[in-house]
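Let me begin by presenting the structure, written as structure tokens, before commenting on it.
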Amino acid sequence: MSCAQRTHRPAGAAASGCPGPPGTRRGRGRTRGVHLGTVHPKDLPPAPFDVGIGLTYTGLTTDGVTAQLTVTPALHQPAGIVHGGVWCAVVESMSSVSAFLWLSANGGGNVVGVNNSTDFLRAVTEGTVYGVSEPVHRGRLQQLWQVSIRDEADRLIARGQVRLQNLPERE
Numbered sequence: 003m004s005c006a007q008r009t010h011r012p013a014g015a016a017a018s019g020c021p022g023p024p025g026t027r028r029g030r031g032r033t034r035g036v037h038l039g040t041v042h043p044k045d046l047p048p049a050p051f052d053v054g055i056g057l058t059y060t061g062l063t064t065d066g067v068t069a070q071l072t073v074t075p076a077l078h079q080p081a082g083i084v085h086g087g088v089w090c091a092v093v094e095s096m097s098s099v100s101a102f103l104w105l106s107a108n109g110g111g112n113v114v115g116v117n118n119s120t121d122f123l124r125a126v127t128e129g130t131v132y133g134v135s136e137p138v139h140r141g142r143l144q145q146l147w148q149v150s151i152r153d154e155a156d157r158l159i160a161r162g163q164v165r166l167q168n169l170p171e172r173e
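According to the numbering used here, the sequence shown is numbered sequentially starting from 3.
Laid out in structure tokens, this is it:
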């Protein structure tokens with residue numbers, strides 16, 4: 003399959019074996035500060051789980067993503083606050099998208115989460131929350147991403163990090 007025929011990736015992402023956009027570097031994954039511009043959130047195929055909980059991506063780059071989530075009663079635990087698993091899921095999803103975008107720009111492949119550690123810092127019952135991801139480590143075999151989730155008053159609600167394994171692209 004030629005590079006031009008590989009269309010299943012987000013705009014600007016390089017397929018394995020194909021050169022990336024000008025200014026990017028393939029190889030051992032040690033590129034820092036690679037900027038491909040932004041991938042428009044509409045170019046990212048929706049993940050059914052993210053859609054199910056209402057997670058919407060508002061910004062996508064190889065250096066991190068932003069997203070928002072409107073809190074609904076469907077996300078509450080019996081005590082009437084957002085279930086902690088929701089915060090874990092948001093951290094996992096945002097880290098996975100971030101890691102995939104970076105890996106796609108630096109040689110291609112897929113990523114899978116291997117560890118998720120999320121702290122719940124403040125209870126939320128309603129409103130909109132906002133997530134921001136940032137890289138801690140991006141290497142040849144693994145990546146580590148941190149996600150902070152804040153409420154409308156900019157208070158830190160939850161913070162977590164996910165370690166992901168970089169996998170070669172399947173032919």
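Idealized CB from N, CA, C, for every residue including glycine.
Report the residue from the options whose alpha carbon sits nearest the alpha carbon of residue i.
i    : options                  : result
G109 : P170, A49, W89 and E128  : P170
C90  : L105, P80, A49 and S119  : S119
D153 : T130, E136 and Q144      : T130
G56  : T64, V88 and L158        : V88
V149 : V84, V114 and S98        : S98
V50  : T127, I151 and S95       : First, the amino acid is wrong: residue 50 is Pro here, not Val. Cα-wise, what sits closest to P50 is S95.
G141 : D45, T68 and V113        : V113
I159 : L166, V67, D121 and Y59  : D121
G54  : G66, L105 and V73        : V73
L105 : P75, Q144, E136 and S135 : Q144
Y132 : V67, V164 and P75        : V67
How would you call residue i, buried or exposed, if buried means at least 16 neighbouring beta carbons within 10 angstroms?
i    : result
N117 : exposed
T127 : exposed
A81  : exposed
A69  : buried
D156 : exposed
Specify, as a first and last residue, the run of the alpha helix (DSSP H) that residue i falls within.
i    : result
A101 : G86 to A107
P170 : No alpha helix (DSSP H) holds P170; DSSP gives it neither H nor E.
V126 : First-last for V126: undefined, no H or E at that position.
G54  : P50 to I55
Who are the Cβ neighbours of residue i in its own chain at under 6 Å, not counting the five residues just before and after it?
i    : result
H139 : L146
Counting along the chain, where does the beta strand (DSSP E) carrying residue i start and finish?
i    : result
G66  : G66 to V73
I83  : Counting along the chain, I83 falls outside any beta strand (DSSP E), and DSSP gives it neither H nor E.
L152 : Here residue 152 is Arg; the residue named in the question, Leu, does not match the sequence. First-last of the beta strand (DSSP E) with R152: Q144 to R152.
Please confirm whether residue i and residue j have their CB atoms less than 8 Å apart.
i    : j    : result
L71  : V92  : yes
R172 : L123 : no
T64  : A107 : yes
Keeping to the same chain, check which residues put their C-beta closer than 7 Å to that of residue i; ignore five residues upstream and five downstream.
i    : result
A125 : I83
H85  : L77, H78 and Q79
Output needed for residue i: all residues of its chain with C-beta closer than 8 Å, excluding positions within five of it in sequence on either side, in chain order.
i    : result
L46  : P12, Y59, L62 and V99
G111 : S18, L105, N168, L169, P170 and E171
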